[in-house]
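S.K.: One structure is given below, represented as structure tokens, and several questions about it will come after.
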DNA sequence: GATGAATGAGCATTCATTCAT
DNA sequence: AATGAATGAATGCTCATTCAT
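Residue numbers (our numbering), protein chains in the order written: chain A, 3 to 219; chain B, 3 to 219; chain C, 3 to 219; chain D, 3 to 219.
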């Protein structure tokens, strides 16, 4: 028998994407075998190669596709103007919502960068830099207007992204908090962090970024 | 030939630990082959089995050993009393310093939990809960004394840990910032986050934890 | 290269079966490596796994398949009625002929039982019990009609089967005796054994089975 | 620590012999690892090599030692003169008793011949031929005196040995039948087989050995 | 006589990948 | 678009054996 009745390209393609996403998120790229993937989809191993050239390309497609979606969605969500606070709030709400909706893709985009071959990695890292820059710009702007007080906006960028992205490591759809609640809570924390509070920080007086001697990669 | 002159158990054991740490941090547990590990150490594959029973046990030993070290170090560093701010500052400084000193172990302890078999995972997760609880207690205490204003201390715990632990994903020993600088910067951000700032948060008025309806795992 | 021209599943399967039979009969299951087997068949090791799930399953398939053949052949050969002597003659002739035709399979079915995992062993032992019972019934019947005189029909069953099955340990296709000759010789011995001969046995007067005190498993 | 208090050469040697016997009888020579053997004895693998040069030599020692014992015991038991019936009875009683007393050694001597390297095998086969010849001589003598009627004494030798040796495959110390009972039962069957019974064997008239055309290895 | 650390070859099994059908 | 049979390399692990201590 050549083709199972009812099977069809696009349907299979989507099934592979979904199964791969889940398997990689659960076991990791290296630990996922194409046997498993094929079995999950209900086809033979060889048939997978009608949908990608090799395992690495499959991973890259998954990650790149998600990064494109993420950027498009962020651009649609972001405020073109407004106060830094408003823009940071919007950024945070977007980021939380997106992580809650697609935790597997987001998780893979962080955890499987090391599984990408150099060229593919470079492409993805460039896209991620763009994303970080959008947050960085908001923070810089806020510092310039005096809305925010941050010792080092690069560190703050990394810190905020790490804090928000951590959500996808523990989020479960039917957990204690709704998406809206998570958005409010995390927005509150991010804004507090960004505003800083000079008086009390005796041990570590706030500094503008770049004011310190040593360096970060 | 049976034994290379000058070889010795403890020396080999430490070499295996170090090489394994580095390989797992770089390529991941699943992608690290014991052939690679043996080659790195300069012994035959079979000889590895004088030091662990199987690959999984090796990973577990690595993670468990590090968790024990981490707990011991934290307990030695933590202030038994003092204001919540002082204690949170101490916690943050400790956490940053530890992550900067042993980034590979720390990274593995986060990233390779999924590679642990159920029993081993349970043991490690229990240890991690303890660690989280120590931070959670500080935050609760601060909220009780009024030093901190946090909508949800469980979320704040996770957020702060994610923010701080993110350091090990980008930290490089000879980077732009010194350990001290990193400690100051991160302490500043963590304190700001914990203190909150009610007036300005129009969109998301601060709440005590537990005030929201839905749930989190 | 994916597939060698002219290769085909059923052909390969039979080649594996034949080569495995010969290797196991010669070196034993534990001593046969799948490398050897693959080399004998002329394929790569990995390709073997298109035909069985693991080495144990291969052994079980071989043994079980043979047991089924043996039972079917015995049932076709056995006389449904007739005197006990006629039926025992028929049984012996069949057994000798079968052992002479397929000595390897027969040998493996005896010698490699210990290599079967518990569940597989249980299945095979059950089939062997059936076979023994068919001989045992003939002997019991002969004792009842007075054709046979046997002190213990269970022991006689085991003794006759051991005697006949021993053939496969020394039989060589082009040996001194033809199959027909072997059948005649062994039938003669088996019948003599079954008939017994009371008068002369001074040291051990014949007894009916069950007449002795101690027990056998 | 170099030596465990209380350990001693001869004691260890006997422990190794016993453990090896049991392991080989249970799992087979190829499937027994020296790890297992050492563990069973309670020493390290390396220490085994104080007692044999390699695994093959260990097997050979076991088999050869047993064969020597067997021959010595048989020579002591056999009647130097007497009727063929008396001598065959004595042989059978001895053989049964020996198999019942040392079933593991006996079993290994049959089943692990194939694991012996050519030279070792030749030595053992020669010893076994001697043993077979002793039975063969009794049968020949009985045929010459007219006490026995056997179509082919070589076949009868193999048949009787197979029948008797089969005991070690099912014998259990606390079974249904005592050693004495087994001796009586088997002696009865062997004598009946040897005496034959000309009249009834219509299908296979008795022949003297060598009277048939084809050959046996 | 025994240990513990090592060797190097070998094991069964799985891997990603290919391709005639 | 899918299968089934194949490849060849790699995997984690075990093996018998060695030998300085």
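The beta carbon of each residue, even a glycine, is placed where N, CA and C say it ideally should be. Nothing here was measured: the structure is a model prediction, and the numbers come from that model.
1) Would a check of beta-carbon distances place residue 30/C closer than 7 Å to chain D?
2) Name the chain B residues that come within less than 7 Å of residue 132/A, Cβ to Cβ?
3) Given a threshold of 16 other Cβ atoms within 10 Å of its Cβ, counted over all protein chains shown, does residue 113/D qualify as buried or as exposed?
4) Under 8 Å: do the segment 43 to 57 of chain C and the segment 78 to 92 of chain C share three or more Cβ pairs, one atom per stretch?
5) Pull up the DSSP beta-bridge partners for residue 66/B, would you.
6) Work out the CA separation of residue 93/D and residue 86/D for me, nearest whole Å.
7) Could you tell me whether the Cβ of residue 154/D comes closer than 7 Å to any Cβ of chain C?
8) Ignoring anything shorter than 4 residues or poking outside the segment 146 to 199 of chain D, list the alpha helix (DSSP H) runs there in chain order.
9) Alpha carbon to alpha carbon, how far is residue 159/B from residue 210/A? Give it in angstroms, no decimals.
10) List the residues of chain A that residue 198/B touches, going by C-beta distances under 7 Å, in chain order.
11) What did DSSP end up calling residue 34/A once you bin it into helix, strand or coil?
12) Beta-carbon within less than 8 Å of residue 166/C's beta-carbon, same chain only, minus the 5 sequence neighbours each way: which residues are those?
13) In three-state terms, what does DSSP make of residue 56/D?
14) Give me the chain B residues within the contact set of residue 168/A, using Cβ-Cβ distance strictly less than 9 Å, ordered along the chain.
15) Below 8 Å on C-beta distance, what does residue 221/A contact in chain B?
16) Cα separation between residue 153/A and residue 66/B?
17) To the nearest angstrom, how far is the alpha carbon of residue 15/C from that of residue 37/B?
18) Below 9 Å on C-beta distance, what does residue 33/C contact in chain D?
19) Looking at the C-beta of residue 140/A, does it have a partner C-beta in chain B at a distance below 7 Å?
20) Pull up the distance between the alpha-carbon of residue 7/D and that of residue 47/D, whole angstroms please.
21) Can you give the Cα-Cα distance for residue 116/C and residue 22/D, rounded to whole angstroms?
22) Using C-beta distances below 7 Å, list every residue in its chain close to residue 60/A, excluding the 5 sequence neighbours before and after it, in chain order.
23) Given this structure, state the Cα-to-Cα distance separating residue 198/A from residue 186/B, to the nearest angstrom.
24) Tell me where the alpha helix (DSSP H) around residue 44/D begins and ends.
25) Can a CB atom of chain C be found closer than 7 Å to the CB of residue 65/D?
26) Who are the Cβ neighbours of residue 162/D in its own chain at under 6 Å, not counting the five residues just before and after it?
27) If you measure beta-carbon to beta-carbon, which residues of the segment 176 to 190 of chain B are closer than 9 Å to chain A?
28) Taking its Cβ as the centre, do 16 or more other Cβ atoms sit within 10 Å of residue 168/B, making it buried, or is it exposed?
29) I need the straight-line Cα distance from residue 130/C to residue 73/C, nearest angstrom please.
30) Quick one: list the residues of chain A neighbouring residue 157/B, beta-carbon separation under 8 Å, in chain order.
31) When you compare only the Cα positions, how much space is there between residue 119/A and residue 25/C?
32) Which residues bound the alpha helix (DSSP H) around residue 105/B?
33) Contact check, residue 170/B vs residue 126/B under 8 Å by CB: the rounded distance?
34) Alpha carbon to alpha carbon, how far is residue 175/C from residue 105/D? Give it in angstroms, no decimals.
35) Work out the CA separation of residue 20/C and residue 195/C for me, nearest whole Å.
M.R.: Reading it off the structure:
1) In the third chain, counting from the first residue as 1, residue 30/C sits at position 28. Yes - at least one Cβ of chain D is within 7 Å of the one on residue 30/C.
2) Here residue 132/A refers to the residue found at position 130 when the first chain is read from its first residue. Neighbours of residue 132/A on chain B: none; closest Cβ ~17 Å, over 7 Å.
3) For the purposes of this step, residue 113/D is taken as residue 111 along the fourth chain, with counting starting at 1. By the neighbour-count rule (16 or more Cβ atoms within 10 Å), residue 113/D is buried.
4) Touching, no, given that fewer than three Cβ pairs across the two stretches are closer than 8 Å.
5) Position 64 of the second chain, counted from the start, is the residue given in the question as residue 66/B. DSSP lists no partner for residue 66/B.
6) For this step, residue 86/D is matched to residue 84 along the fourth chain. For this step, residue 93/D is matched to residue 91 along the fourth chain. Taking the Cα positions, residue 86/D is about 10 Å away from residue 93/D.
7) The sequence position of residue 154/D within the fourth chain is 152, counting from 1. True, the Cβ-Cβ gap to chain C drops below 7 Å.
8) Whole alpha helix (DSSP H) segments, 4+ residues: 155 to 167, 169 to 172 and 181 to 197.
9) For the purposes of this step, residue 210/A is identified with residue 208 of the first chain, where counting begins at 1. For the purposes of this step, residue 159/B is identified with residue 157 of the second chain, where counting begins at 1. A caution first: residue 210/A carries a pLDDT of 40, below 50, which makes its placement in the model unreliable, though a value can still be read off. Spanning the two alpha carbons is a distance of roughly 27 Å.
10) Within the second chain, the letter at position 196 stands for residue 198/B. Simply 190 and 194.
11) Looking up residue 34/A in the first chain gives position 32. In the structure shown, residue 34/A adopts coil according to DSSP, grouped into three states.
12) In the third chain, the residue the question calls residue 166/C occupies position 164. Same-chain partners within the cutoff: 94, 97, 98, 101, 188 and 192.
13) One-based indexing of the fourth chain puts residue 56/D at position 54. Under the three-state reduction of DSSP output, residue 56/D falls in the coil class, being neither helix nor strand.
14) Residue mapping note: residue 168/A aligns to position 166 of the first chain, counting from 1. Against residue 168/A, the close residues of chain B are 160, 161, 163, 164, 165, 167 and 168, in the order they occur along the chain (beta-carbon pairs closer than 9 Å).
15) Absent from the model: residue 221/A. The displayed extent of chain A is 3 to 219, so no value can be given.
16) As a first step, residue 153/A is located in the first chain; it is residue number 151 there, counting from the start. As a first step, residue 66/B is located in the second chain; it is residue number 64 there, counting from the start. Residue 153/A and residue 66/B: Cα-Cα distance of roughly 36 Å.
17) Locating residue 15/C in the third chain gives position 13, where the first residue counts as 1. Locating residue 37/B in the second chain gives position 35, where the first residue counts as 1. Straight-line Cα distance between these residues: approximately 34 Å.
18) Numbered from 1 along the third chain, position 31 holds the residue referred to as residue 33/C. Within chain D, the residues near residue 33/C are 30, 31, 32, 33, 116 and 117.
19) On the first chain, position 138 is the one that residue 140/A refers to. Not closer than 7 Å to any Cβ of chain B, the Cβ of residue 140/A fails to qualify, so no.
20) Against the fourth chain, residue 7/D aligns to sequence position 5. Against the fourth chain, residue 47/D aligns to sequence position 45. Residue confidence is low: residue 7/D scores 44 on pLDDT, short of 50, so the model does not pin down where it sits. Its coordinate-derived value is still stated next. The alpha-carbon atoms of residue 7/D and residue 47/D are separated by roughly 18 Å.
21) Locating residue 116/C in the third chain gives position 114, where the first residue counts as 1. Locating residue 22/D in the fourth chain gives position 20, where the first residue counts as 1. A straight line joining the alpha-carbon of residue 116/C with that of residue 22/D spans about 16 Å.
22) Here residue 60/A corresponds to residue number 58 of the first chain, with the count starting at 1. Result list for residue 60/A: 22 and 54, in chain order.
23) Translated into the one-based positions of the first chain, residue 198/A becomes position 196. Translated into the one-based positions of the second chain, residue 186/B becomes position 184. Whole-angstrom Cα-Cα distance: 13 Å.
24) For the purposes of this step, residue 44/D is taken as the residue at position 42 of the fourth chain. Run containing residue 44/D: none; DSSP gives neither H nor E here.
25) Position 63 of the fourth chain, counted from the first residue, corresponds to residue 65/D. Output row for residue 65/D: interface = no.
26) Locating residue 162/D in the fourth chain gives position 160, counting from the first residue. Sequence-distant partners of residue 162/D (beyond 5 residues in either direction) whose C-beta falls short of 6 Å from its own C-beta, in its chain, are 192.
27) Listed in sequence order: 176, 177, 178, 179, 180, 181, 182, 183, 184, 185, 186, 187, 188, 189 and 190.
28) Your numbering for residue 168/B matches position 166 in the second chain. It is buried - the Cβ of residue 168/B has at least 16 other Cβ atoms within 10 Å.
29) As a first step, residue 130/C must be located in the third chain, where it is residue number 128. As a first step, residue 73/C must be located in the third chain, where it is residue number 71. Distance between the alpha carbons of residue 130/C and residue 73/C is about 9 Å.
30) By 1-based counting over the second chain, the position of residue 157/B is 155. In chain order, 179, 184, 187, 188 and 191 make up the part of chain A whose C-beta sits under 8 Å from the C-beta of residue 157/B.
31) Stepping through the first chain from its first residue, residue 119/A is reached at position 117. Stepping through the third chain from its first residue, residue 25/C is reached at position 23. Between the alpha carbons of residue 119/A and residue 25/C lies a gap of roughly 45 Å.
32) Within the second chain, residue 105/B is the residue found at index 103, counting from 1. Annotation: the continuous alpha helix (DSSP H) that includes residue 105/B extends over 105 to 113.
33) By 1-based counting over the second chain, the position of residue 170/B is 168. By 1-based counting over the second chain, the position of residue 126/B is 124. About 17 Å separates the CB atoms of residue 170/B and residue 126/B; that is not less than 8 Å, and the two are not in contact.
34) As a working mapping, residue 105/D is identified with position 103 in the fourth chain. As a working mapping, residue 175/C is identified with position 173 in the third chain. Here the alpha carbons of residue 175/C and residue 105/D stand approximately 31 Å from one another.
35) Taking the first residue of the third chain as position 1, residue 195/C is located at position 193. Taking the first residue of the third chain as position 1, residue 20/C is located at position 18. Taking the straight line from one Cα to the other gives about 36 Å.
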